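Numbering (UniProt numbering), first residue to last: 1 to 90.
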């Protein structure tokens with residue numbers, strides 16, 4: 001699996017996590033390592049980890065549906081287009 005680079009606030013590259021929880025081998029369901037990443041990098045990483053989900057980029061403060069959908073990930077972004085909340089299945 002190819003890992004996408006993530007740049008922290010200082011501009012240093014760090015690798016992103018792998019697609020499954022190593023202890024349980026369950027499909028990845030949240031992406032805390034994407035906080036601060038650009039929305040495009042986040043979307044690519046999530047789809048790389050979970051090609052079975054649809055990713056929706058949503059500005060913080062916008063309303064989203066409240067129902068749970070195990071094939072959906074909302075990526076909440078700030079005004080700069082960077083991930084502002086932990087993206088997760090739902």
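We put the CB at the ideal spot given by N, CA and C, even for glycine.
Just so we're clear, the structure is a prediction, and the values are computed from it rather than from any experiment.
| field | Unbroken alpha helix (DSSP H) run spanning residue 42, endpoints | value | 39-49
| Would you report the Cα separation of residue 31 and residue 42, rounded to the nearest angstrom? | 9 Å
| field | residue 51 versus residue 40 - alpha carbon distance | value | 15 Å
| request: Rounded to whole angstroms, what's the CA-CA distance from residue 26 to residue 49? Just pull it up for me. | output: 11 Å
| Going straight from the alpha carbon of residue 71 to that of residue 77, what length do you get? | 20 Å
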